[in-house]
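Visitor: All letters in the sequence shown, in the order written, are residues -10 to 495 by my numbering. Just so it is clear, CB atoms sit at the ideal spot from N, CA and C, and this is done for glycine as well. Got a structure here, written out as C-alpha cells. Questions coming.
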Amino acid sequence: MNLPDRLPAGRLLVIIVTILLAMTAVAIASTVVALNSLADARARSIDQVAPAESRAKDLTRALLDQETGLRGYALAGEQGFLTPYVDGQTAEKQAEDDVRAAVGDVNGRVSRIAMLAQQWRDDYADTAVARIRVLGPGLEPAGNTDRGKVLFDRIRSETDALQADIAELGRVARNELNSAATLVLWLVIGMGVLLVAVIAGLSLLLHRLLIEPLSSLAEQVREVASGEFDRDIDAHGPRETVMLGEDVDAMRRRIVQELETLAEAKAELQRSNSELEQFAYVASHDLQEPLRKVASFCQLLQRRYGGKLDERADQYIEFAVDGAKRMQGLINDLLAFSRVGRITREMTVVDLNEIVRQVVESYSERIEETGARIEVADLPAVRGETSLLSAVFQNLISNALKFKGADAPVIAVGVEPDGELWKFSVRDNGIGIEPEYADRIFVIFQRLHPKDAYPGTGIGLAMCRKIVEFHGGTIWLRTDVDSGTSFEFTLPVVPELVADVEEVHV
-10 MNLPDRLPAG RLLVIIVTIL LAMTAVAIAS TVVALNSLAD ARARSIDQVA PAESRAKDLT
50 RALLDQETGL RGYALAGEQG FLTPYVDGQT AEKQAEDDVR AAVGDVNGRV SRIAMLAQQW
110 RDDYADTAVA RIRVLGPGLE PAGNTDRGKV LFDRIRSETD ALQADIAELG RVARNELNSA
170 ATLVLWLVIG MGVLLVAVIA GLSLLLHRLL IEPLSSLAEQ VREVASGEFD RDIDAHGPRE
230 TVMLGEDVDA MRRRIVQELE TLAEAKAELQ RSNSELEQFA YVASHDLQEP LRKVASFCQL
290 LQRRYGGKLD ERADQYIEFA VDGAKRMQGL INDLLAFSRV GRITREMTVV DLNEIVRQVV
350 ESYSERIEET GARIEVADLP AVRGETSLLS AVFQNLISNA LKFKGADAPV IAVGVEPDGE
410 LWKFSVRDNG IGIEPEYADR IFVIFQRLHP KDAYPGTGIG LAMCRKIVEF HGGTIWLRTD
470 VDSGTSFEFT LPVVPELVAD VEEVHV
C-alpha cells in the first residue's frame, strides 16, 4: 500500500473522531444544563424552602408566646409575664422578614399575618395591658375576650395556611429536585454508553491505522537500539508514521557517523593521555633534576661562602635557593592536581573518622605549638579514594592552623545528612576570608596573601574542589559567618551503609 492509498483512512479517522467529539460535546452541554437545573432545585429546596418552613414555625411560636404572655400578665399582673409578649413581637418581625427573604410573601399570607397580629395587639392586647396596669389583674370583659379570641383565631388560621403553602412549595421543590436528579442520572448513563462506544470505536481505528504500523516501527527501532546500527528502517502506515520512520532512520545514520567519529576521538584521546603521562614523567624526573641540581649547588654556595661575601651576594644566593625550592613545590603540586581523576585507584568504603584522626596526628607538633583545639564529630564512612579524601581534610585543617588569628585556633569538623548526600563542615576562628573572594580561592595558584606572609603554593583549595567533585560532591565557602572561616562540602551517601544502620536500629 503506497502513501496515496493510505490518505482516505486518515481522513475517515478525522471525520469519525470529529463526529464523536461533536456528540460528546452535545452530551456534555446537556449534562451541564441538567446539573445547573439540579443545583437550582437543590438550592431552592435546601437553601430556601427548608429555612422558610423552620421560620414559619418560629413565627407561629412567636405569636403564641405573645398570647401566652398576655394571658399570664392578665392573671398575675406581674411585669415579668409581659416579657414573652414583648420579645415575641421582635421574634415575629424577624421571622416574617426571614420567610419573605426565603420564599417571598407566599400568596400574601405573611403580610396578612402581620396585619392581623398588629390588629390583635391594637384592638385587644395593648388595651388589655393598659387596663391591667391601671386596675390590676382580673378577667377581661366578656366582649373583649371574645373579640381577642376571634382575632387570634384568624392569626392561627393564617399561620396554619402559611405552613401548608410552604409545605406545598417544598413538595414542588422536591419533585423538581427528583426530576433533575433523574435527568442527570440518565444523561450520565448515556454519556457512559457514548464514552464506551467512542473508546471502542477509536480503539479499533487506532489499532488498525496507528498501533500496527507503530508496533512494526518500534520493533525495528528496538533491533537498532540493541546494536544492529546497520539495519535500515522501513516504516508503513499513515504518512506521519512513515515520516517518523524516515526521521528515525536518519537519526540512525547520524548515530553511525557519530560512533565512527567517537571511535576516532577515543583513539586520539588515548594518544593524548599517553602524551600527558609522558609529560608527567618528564616533569617529575627530567625537569626536577636540573632544579635539584640548582638548589643543591646554591645551598653549597650558601654553606661555603655564607658570610664571606657581601650582604647582597648572600641575599642573591638565598633568593636562588628559595626560588628553586618553590619551583619544585609548584611542580609537585601541579602533578598531584593533574593526577586527580586521571590516575585512579579502586573506590572503597573509607572511614573518615580514621582519616581525620591521622591528619590531626600528623599536625600534632603544630597543634601543640599554637595551642589549637580540634573538635571532630562522629563522621560517616563514604566511598572513595583514601589518599584523595585525606588530602581534602589535610588541606582544610592545615589552612585553619596556618591562617589563625590572635587567639588559639579552634577547629570544628562536623557533618549532617542532606538528602542523598552528607554535608561536611570545617570551621575555624581564624582571620577569615572576605565574601568577594569566595570563588577566587578555588582557582589554581590563586593566593590572597603574599608568599612571604604565609607559605604555600596556592593550589590546596583548588585540589580540594577537584577531589570533591571527582567524588560526586560540591565544596563552597560560607559567606554568612560573622568571624573565622567555614568551608562546607558534600559527598554521596553509601546506600548499603545507611540500610545496615537502619536495620540495626530496628
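Which residues does DSSP pair with threonine 337 in a beta bridge?
Guide: Gly373
Visitor: Given histidine 287, which residues of its chain have a CB within under 8 Å of its CB, disregarding the five upstream and five downstream residues?
Guide: It should be noted that the sequence gives cysteine, not histidine, for residue 287. Here the set comprises Ile306, Ala309, Val310 and Ala313.
Visitor: Measuring CB atoms only, is the region 357 to 373 touching the region 398 to 418, in the sense that at least three cross pairs come out at less than 8 Å?
Guide: yes
Visitor: Answer yes if the region 343 to 350 comes into contact with the region 375 to 382, meaning at least three C-beta pairs across the two stretches below 8 Å, and no otherwise.
Guide: yes
Visitor: Please check the pair threonine 468 and glycine 419, which I expect to be a contact at CB under 8 Å, by giving their CB distance rounded to whole angstroms.
Guide: Contact doesn't hold; Cβ gap of about 15 Å is too wide.
Visitor: Less than 6 Å between C-beta atoms, sequence neighbours within five positions excluded: which residues of the same chain meet that for glycine 77?
Guide: Ala51, Asp54 and Gln55
Visitor: Roughly how many whole angstroms lie between the Cα atoms of valine 245 and threonine 375?
Guide: 41 Å
Visitor: Looking only at its own chain, which residues have a Cβ that is under 6 Å from the Cβ of valine 231, when we skip the five neighbours before and after it?
Guide: Ala224
Visitor: Just the C-alpha distance for proline 484 and isoleucine 363, rounded to the nearest angstrom, thanks.
Guide: 29 Å
Visitor: Excluding the 5 residues flanking leucine 480 on each side, which residues of the same chain have their C-beta closer than 6 Å to its C-beta?
Guide: Closer than 6 Å at the Cβ level, and outside the excluded window around leucine 480, lie Val371, Trp411, His460 and Gly462.
Visitor: Between which residues of its own chain and aspartate 238 is the CB-CB distance below 7 Å, once the five residues before and five after are set aside?
Guide: Contacts found: Asp221 and Ile222.
Visitor: Could you name the residues of the same chain whose beta carbon sits closer than 6 Å to that of glutamine 209, not counting the 5 residues immediately before and after it, in chain order?
Guide: Ile222
Visitor: From the DSSP output, which residues share a beta bridge with leucine 414?
Guide: Looking at the sequence shown, residue 414 is not leucine but serine. DSSP, once it has assigned bridges, lists Gly403 and Glu477 as partnering serine 414.
Visitor: Assign glutamate 362 to one of three DSSP states: helix, strand, or coil.
Guide: It is arginine, not glutamate, that sits at residue 362 in the sequence shown. Reduced to three states, the DSSP call for arginine 362 is strand.
Visitor: In its own chain, which residues sit with a C-beta less than 6 Å from the C-beta of tyrosine 62, not counting the 5 before and 5 after it?
Guide: Phe70 and Leu71
Visitor: Mind pulling the alpha helix (DSSP H) runs of 4 or more residues that sit fully within the region 192 to 247?
Guide: 201 to 214
Visitor: Do the region 160 to 173 and the region 33 to 44 touch if we need at least three Cβ pairs shorter than 8 Å?
Guide: Flag = yes, the region 160 to 173 and the region 33 to 44 touch.
Visitor: CA-CA distance, arginine 416 and phenylalanine 478?
Guide: 12 Å
Visitor: Helix, strand or coil, according to DSSP, for leucine -4 in the structure here?
Guide: Confidence in leucine -4 is poor, its pLDDT being 46 and thus under 50, which makes the residue's placement too unreliable to answer from.
Visitor: Would you say the region 143 to 157 touches the region 85 to 104, given that touching needs at least three Cβ pairs under 8 Å?
Guide: yes
Visitor: Roughly how far, in whole angstroms, is the beta-carbon of alanine 84 from the beta-carbon of arginine 110, given that I think they are within contact range, below 8 Å?
Guide: So it is not a contact: roughly 16 Å between Cβ atoms.
Visitor: If you count every other CB in all the chains shown that lies within 10 Å of the CB of isoleucine 121, and 16 or more means buried, which is it?
Guide: buried
Visitor: Going along the chain, which unbroken runs of the alpha helix (DSSP H) with 4 or more residues stay wholly within the region 68 to 140?
Guide: Scanning the region 68 to 140 from its first residue to its last, the whole alpha helix (DSSP H) runs of 4-plus residues come out as 72 to 92, 98 to 109 and 115 to 124.
Visitor: Between leucine 64 and tyrosine 74, which are expected to be in contact by the criterion C-beta below 8 Å, what is the C-beta distance as a whole number of angstroms?
Guide: With 8 Å as the limit, leucine 64 and tyrosine 74 do not qualify as a contact, their Cβ atoms being about 13 Å apart.
Visitor: Reducing DSSP to helix, strand and coil, say where isoleucine 456 ends up.
Guide: helix
Visitor: I need the boundaries of the alpha helix (DSSP H) containing leucine 53, first residue and last residue.
Guide: 39 to 65
Visitor: State the beta-bridge partners of leucine 466 as determined by DSSP.
Guide: Phe476
Visitor: Can you tell which of Met240, Lys82 and Thr134 has the C-alpha that lies nearest to the C-alpha of aspartate 115?
Guide: Thr134
Visitor: Would you tell me roughly how many angstroms separate the C-alpha atoms of alanine 11 and leucine 176, rounded to the nearest one?
Guide: 16 Å
Visitor: Would you kindly check if the distance between the Cβ of valine 92 and the Cβ of alanine 169 is under 7 Å?
Guide: no
Visitor: Excluding the 5 residues preceding and the 5 following glycine 137 in the sequence, name in chain order all residues of the same chain whose CB lies nearer than 6 Å to its CB.
Guide: Tyr113
Visitor: Buried or exposed: where does glutamate 249 fall if 16 or more other Cβ atoms within 10 Å of its Cβ makes it buried?
Guide: exposed
Visitor: Measure the beta-carbon distance from leucine 105 to leucine 48 and round it to whole angstroms, keeping in mind my assumption that it falls under 8 Å.
Guide: Rounded, the Cβ-Cβ distance is 12 Å, inconsistent with contact.
Visitor: Leaving out the 5 sequence neighbours to the left and right, which residues in its chain are closer than 6 Å to valine 500 when beta-carbon positions are compared?
Guide: Missing from the structure shown is residue 500; the chain here goes from -10 to 495 and no further.
Visitor: Output the distance between the C-alpha atoms of tyrosine 352 and methionine 336, rounded to the nearest integer angstrom.
Guide: 27 Å
Visitor: Just mark alanine 117 as buried or exposed, buried being the case when its beta carbon has 16 or more other beta carbons within 10 Å.
Guide: buried
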